[in-house]
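Colleague:
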Amino acid sequence: MVYFIGAGPGDVELITVKGMGVLSKADCIIYAGSLVNPQLLDYAKAGCEVYDSAGMTLEEVVQVMFANEEKGLLTARLHTGDPSVYGAIREQLDLLESRQIPFEVIPGVSSFSAAAAVLGAEYTLPGVSQTVILTRMEGRTPVPEKEKITELAKIQASMAIFLSSGMLGALSEKLVEGGYPKDTPAAIIYKATWPDEHIVRTTLEKMEQDGKAAGISKTAIILVGDFLGSEYERSLLYHPGFSHGFRQGTQGE
16 MVYFIGAGPG DVELITVKGM GVLSKADCII YAGSLVNPQL LDYAKAGCEV YDSAGMTLEE
76 VVQVMFANEE KGLLTARLHT GDPSVYGAIR EQLDLLESRQ IPFEVIPGVS SFSAAAAVLG
136 AEYTLPGVSQ TVILTRMEGR TPVPEKEKIT ELAKIQASMA IFLSSGMLGA LSEKLVEGGY
196 PKDTPAAIIY KATWPDEHIV RTTLEKMEQD GKAAGISKTA IILVGDFLGS EYERSLLYHP
256 GFSHGFRQGT QGE
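Numbers 16 to 268, taken from our numbering, label the letters of the sequence shown in order.
#1: At the level of alpha carbons, what is the spacing between Ser-125 and Phe-177?
#2: Using 9 Å as the threshold, is the C-beta distance between Gly-244 and Pro-200 below it?
#3: Leaving out the 5 sequence neighbours to the left and right, which residues in its chain are closer than 6 Å to Met-35 when beta-carbon positions are compared?
#4: Pull the bridge partners of Met-174 from the DSSP assignment, please.
#5: Which class does Tyr-58 belong to by DSSP, given the choice of helix, strand or coil?
#6: For the segment 40 to 50 against the segment 104 to 122, do three or more pairs of beta-carbon atoms, one drawn from each stretch, fall closer than 8 Å, so that the two count as touching?
#7: State the DSSP-derived secondary structure class of Leu-93, mapped to helix, strand or coil.
#8: Based on the DSSP output, what are the partners of Ala-202 in its beta bridges?
#9: Should Lys-161 be labelled buried (16 or more other beta-carbon atoms within 10 Å of its own) or exposed?
#10: Exposed or buried, what is Glu-106 when buried is set at 16 or more other beta-carbons lying within 10 Å of its beta-carbon?
#11: Who pairs with Asp-67 in a beta bridge, going by DSSP?
#12: Which stretch, first to last residue, makes up the beta strand (DSSP E) that contains Ile-20?
#13: So Ala-202 and Val-191 are in contact, right, with Cβ under 8 Å, and what is the actual spacing, rounded?
#14: Considering only the alpha carbon of each residue, which of Lys-221, Leu-149, Leu-89, Glu-85 lies closest to Lys-65?
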């Protein structure tokens, strides 16, 4: 059996209880050493075999899984954040399916959730934005033409941008070109929830210079949108005049 586990954003206490349980009984752990907090390996049992996938290819990773399956061993594949977001798990799952090897994916806390938490922010504010876009800048890995930053920026939704902190200048230019005003609030969160977490609150116009001043060029997520501002409308959910299936609203409110 192979378990794909979301390690969470960095804080070792943000792994799920289920994920921690699998780690504690795994015979082998393959973890993304360049991104996953190594303290999570403290949950491993004595004698557990550990591989750092940072220097491994897809073929090398799955060969370890195949070998473990032949021996009847339990493998834990530990990915950063949530495996479904830039986790590159689909190719691994397909290869396991081709061998009829059973697997399970255990979700984790994504860095986009952790970043909002450390900022005390809410992506979906009434009257501001009801849509969250998770995306990345085009770099060595291309993105579809219809998903380029300039296209996504047209609706001016709340945006969480991964894998792009080394291209802050180009990113801010594309966001403004697409439709965001230059004074749109932005935040750069370096290693959210880690001990060395660093937060830079800025605007699109100043994002590049503020990011450089903070020395941030990798391992950061960028949040953009008016949800980072101070203006929003009250939610109807808890409004005294709003009725729903669990509460009768007060007339005239």
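All C-beta atoms, glycine included, are put in the ideal place defined by N, C-alpha and C. Predicted model only: the values in this text are computed from it and were never measured.
Modeller: Working from what's here:
#1: C-alpha separation (whole angstroms): 11 Å.
#2: Result yes, Cβ atoms of Gly-244 and Pro-200 sit closer than 9 Å.
#3: Counting only Cβ-Cβ distances below 6 Å, and skipping sequence neighbours, we find Tyr-58.
#4: Per DSSP, the beta bridge partners of Met-174 are Ile-148, Val-239.
#5: Here Tyr-58 sits in helix by DSSP.
#6: Judged by Cβ distances under 8 Å, the segment 40 to 50 makes no contact with the segment 104 to 122, as fewer than three pairs qualify.
#7: For Leu-93, the three-state secondary structure derived from DSSP is strand.
#8: Arg-216, Leu-238, per the DSSP bridge assignment.
#9: With fewer than 16 Cβ atoms within 10 Å of its Cβ, Lys-161 is classed as exposed.
#10: By the neighbour-count criterion, in which a residue is buried when 16 or more other Cβ atoms sit within 10 angstroms of its Cβ, Glu-106 is exposed.
#11: According to DSSP, which records beta bridges pairwise, Asp-67 is partnered with Tyr-46.
#12: For Ile-20, the enclosing beta strand (DSSP E) starts and ends at 17 to 21.
#13: Contact between Ala-202 and Val-191 does not hold, since the beta-carbon distance rounds to 17 Å and is not under 8 Å.
#14: Note that residue 65 is Val in the sequence shown here, rather than Lys. Just measuring C-alpha positions, the residue of Lys-221, Leu-149, Leu-89, Glu-85 sitting nearest Val-65 is Leu-89.
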